[in-house]
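Chains as they are written, first to last, in this note's numbering: chain A, 92 to 458; chain B, 13 to 399.
Here it is as structure tokens:
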């Protein structure tokens, strides 16, 4: 998933559908600058599913909105970064070309099915709009596609439902409509931002099953954004955990959830009540997320971390593969060999650790 | 507030605190309808049957979890129990006194002993009031007019929930979500109640903060012997915190049992489906879920007979027995302390549930039984015609 990042301006290999490199999205507000996304890199291969997990305010939604280029600039500013999608850097595309990508090659399922549908147009109109727009087909063909999509997402009587308005449907059904809309143009990537958070658990089960089945059928890649580790565990192959604007751990879902390396991931998993027998106290991550105007200078999790030690307070750990396990990447000094940790002697903040150093470590430990 | 607990003793187990079994709150056949007014004359055309005949006892020191999907009436039940809304019929007996017989003044006095913690830590605190007034308002209403005493009590309450005593002058916007929820809890605590309704008290919080608040609520029970009615839709939270669990569906209690029993041996098909729907944080268990079709029907026009029959997987397996759609199943006692409202509760087994889950199509229909009424071809694959 997260290959060695190539030099700036060089497109990733063709099997990589989306590659985000060192993305920094800041918001300039009255009180200062909020680094909502601060150096995020990850990639998704074609047809792969990936989950971006984190608590509120960690920057997961801003990441997705930056990919879609849906942020208002200003107050937002994309400070640095490249977003390679299907061989092109989305951040360099003119708006007209971006419009061809958005809603066609990349589509989005939003959290709130009520507010993301237009109340004054019928369901069928809203689904067919994108098809007619992007595929240059007739209104009739667009409508037929809409009905077909509604049938695909399990809505009975799709011909009748296509003529109805959003208010005539329940929350679960509206979310199915959103999914139908997202898949109507055969996208290469679907970004689902908390698609089941507003739904009841039995409806959530329906929608997750639906997303999984349709993703497999259509072969689209999926970027699932959620706060719920259990939803990620059930739905995707790859996972990335975000904290305070940074990815702090990535790997396969099995690795991240069963063998978490970062103290934050570990703490998060141990706070889930279903992991804890009754009568035992729940694990608590002490304190709260850092104030975005006063981010800690070293590791951003350091003030809350039970394992924090010398370098953590001063130096920011790079996201890198621990020597013992190359499949995962983690941003924590605990998993950096002692020789490579910045020592106490260093007075000035260490320069970003050169990538070559890690390549060396990799070649040493690999059989 | 007696002396705040310095560090509450570790919990010794759920059962210990309700060993005496003394009943604190009795709910008898409680009904709450909201009238629907329609037509030009705004006539009464129907009712939303939010709570439709619920009976429950809460023992002193017990945590009763109430779980169900949105619209099942759990919040209405919580508010009606506190008499924040008058029930349409039925009784609430608190500590031996029937609330319906109390005068407004007596009601206010008894409410001192019953408090509520709300879901939304943003919406439930007045942004223009400092913490002192937010927490102190209830004290004023209860006639504690000496401001020195009041400030002391507010500061004690803040300390008990793990906030600093000098936060009294701050406003809600100066706090994080978790801290605000602590203020909401401090407000409930300040009056030294016996009984607290927690209405989705942790639902709006992030997991790491949620665990802090759950620990706090249990510590407080240990220290002060509170009785909680804990309303939530999150089943893992309910499992963790509750001694007993009540499952609601469309205004009725469909199952009531000890927490361990509910989660290991559910007897109502709805409870089984609800448990099966919880996503598991272990990625190795990608179980085939028992996915219910359709949505919860409208509480304004609940289905006849058993209210769950339109979505019931067991009914389908048993060949759609007739009494499911005609007879309202009684809330009967299957085993000691385990009550279920299902005609066929004995037939529920994990084997049946697994086979029902295996049979379900990958894409479950969004609609239920009423497909037949729609003059469009239904989506069922061709097969033998229904009998």
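Just so it is clear, CB atoms sit at the ideal spot from N, CA and C, and this is done for glycine as well. Every value quoted in this text rests on a predicted model; they were computed, and no experiment measured them.
Can you check the stretch 137–210 of chain A for any beta strand (DSSP E) of at least 3 residues that lies completely inside it and give the ranges in chain order? The qualifying runs are 140–144, 167–176, 197–200.
With DSSP run on the structure shown, which of helix, strand or coil describes residue 505/A? As shown, chain A starts at 92 and ends at 458. That puts residue 505/A outside it, with no answer to give.
Give the interface partners of residue 291/A over in chain B, defined as CB-CB distance under 8 angstroms, in chain order. Within chain B, 81, 82, 245, 308 have C-beta atoms less than 8 angstroms from the C-beta of residue 291/A, given in sequence order.
Where residue 134/A falls: helix, strand or coil (DSSP): Residue state, collapsed to three classes: strand.
Closer than 9 angstroms by beta-carbon distance: list the chain A residues that pair up with residue 285/B, in chain order. Within 9 angstroms Cβ-Cβ: 293, 296.
Just how far apart, CA to CA, sit residue 380/A and residue 362/A? If I take the Cα positions, the gap works out to 15 angstroms.
In this structure, how does DSSP classify residue 227/A when only helix, strand and coil are distinguished? Residue 227/A carries a coil assignment under DSSP once its states are collapsed to helix, strand and coil.
Among 182/A, 148/A, 197/A, which has the Cα closest to the Cα of residue 138/A? Looking at the Cα atoms, 197/A is the closest of the given residues.
Residue 374/A and residue 223/B: beta carbons closer than 8 angstroms? Yes; because the gap between Cβ atoms is below 8 angstroms, this pair is in contact.
Figure out for me which residue from 398/A, 408/A, 360/A, 298/A has the closest Cα to the Cα of residue 388/A. Minimum Cα distance to residue 388/A is reached at 408/A.
Can you check whether the CB of residue 348/A is closer than 8 angstroms to the CB of residue 295/B? Contact flag set, yes.
According to a CB-to-CB cut-off of less than 8 angstroms, which residues of the stretch 216–227 of chain B neighbour chain A? Listed by position along the chain: 218, 219, 220, 221, 222, 223, 224, 226, 227.
State the DSSP-derived secondary structure class of residue 87/B, mapped to helix, strand or coil. Reduced to three states, the DSSP call for residue 87/B is helix.
Please report the distance separating the alpha-carbon of residue 329/A from that of residue 124/A. Distance from the CA atom of residue 329/A to the CA atom of residue 124/A, rounded to whole angstroms, is 31 angstroms.
Taking Cβ positions only, does residue 129/A come closer than 8 angstroms to chain B? Output row for residue 129/A: interface = no.
For residue 215/B versus residue 131/B, is the C-beta distance shorter than 8 angstroms? The answer is yes: Cβ separation under 8 angstroms.
Can you find at least 3 beta carbon pairs, one from the stretch 220–230 of chain A and one from the stretch 176–189 of chain A, that sit closer than 8 angstroms? With a cut-off of 8 angstroms, the stretch 176–189 of chain A and the stretch 220–230 of chain A do not count as touching, because too few Cβ pairs lie within range.
Looking only at its own chain, which residues have a Cβ that is under 8 angstroms from the Cβ of residue 289/B, when we skip the five neighbours before and after it? 301, 302, 303, 304, listed in sequence order.
Residue 193/B, enclosing alpha helix (DSSP H) - first and last residue: DSSP places residue 193/B in the uninterrupted alpha helix (DSSP H) bounded by 189–201.
Please report the distance separating the alpha-carbon of residue 108/A from that of residue 307/A. Residue 108/A and residue 307/A have their C-alpha atoms some 16 angstroms from each other.
Residues sharing a beta bridge with residue 126/B, DSSP: Listed as beta-bridge partners of residue 126/B by DSSP are 207/B.
Strictly below 8 angstroms CB to CB, what residues from chain B border residue 314/A? The premise fails here: residue 314/A is roughly 18 angstroms from chain B at the closest Cβ pair, so nothing lies under 8 angstroms.
Ignore the nearest five residues each way along the sequence and tell me which others in residue 270/B's own chain have a CB closer than 8 angstroms to its CB. 255, 256, 257, 349, 350, listed in sequence order.
Element boundaries [beta strand (DSSP E), containing residue 404/A]: Boundaries for residue 404/A: no beta strand (DSSP E) harbours it, while the alpha helix (DSSP H) harbouring it runs 401–405, taken from the DSSP string.
How would you call residue 48/B, buried or exposed, if buried means at least 16 neighbouring beta carbons within 10 angstroms? Counting Cβ neighbours within 10 Å, residue 48/B comes out exposed, since fewer than 16 surround it.
Rounding to the nearest angstrom, what Cα-Cα distance links residue 323/B and residue 284/B in this structure? It is roughly 12 angstroms from the alpha-carbon of residue 323/B to the alpha-carbon of residue 284/B.
Counting only C-beta atoms, is residue 372/A closer than 8 angstroms to chain B at any point? Taking CB atoms only, residue 372/A has a neighbour in chain B less than 8 angstroms away.
Apart from the five residues just before and just after residue 402/A, which ones in its own chain have a Cβ nearer than 6 angstroms to its Cβ? Its chain contains 424, 432, 433 as the residues whose beta carbon lies nearer than 6 angstroms to that of residue 402/A, once the 5 sequence neighbours on both sides are disregarded; these appear in chain order.
Consult DSSP for residue 469/B and reduce its assignment to one of helix, strand or coil. The question about residue 469/B has no answer here: the residues shown for chain B are numbered 13 through 399.
Is DSSP giving residue 61/B helix, strand or coil here? For residue 61/B, the secondary structure class from DSSP, reduced to helix, strand or coil, is strand.
From 320/B, 188/B, 346/B, residue whose alpha carbon lies closest to that of residue 335/B: Comparing Cα positions, the closest option is 320/B.
Coarse secondary structure for residue 109/A, derived from DSSP in three states: Residue 109/A falls in the strand class under three-state DSSP.
Which listed residue (261/A, 341/A, 314/A, 242/A) has its alpha carbon closest to that of residue 204/A: Closest option to residue 204/A, Cα to Cα, is 261/A.
Out of 236/A, 106/A, 151/A, 238/A, which one is the CA nearest neighbour of residue 178/A? Considering only alpha carbons, the answer is 106/A.
Tell me whether the beta-carbon of residue 99/A lies closer than 8 angstroms to the beta-carbon of residue 168/A. The criterion of a C-beta distance shorter than 8 angstroms is not satisfied by residue 99/A and residue 168/A.
Assuming residue 199/B and residue 147/B make a contact with CB atoms under 8 angstroms, what is their CB distance in whole Å? Contact check for residue 199/B and residue 147/B: beta-carbon distance about 5 angstroms, within the 8 angstroms limit, so the pair qualifies.
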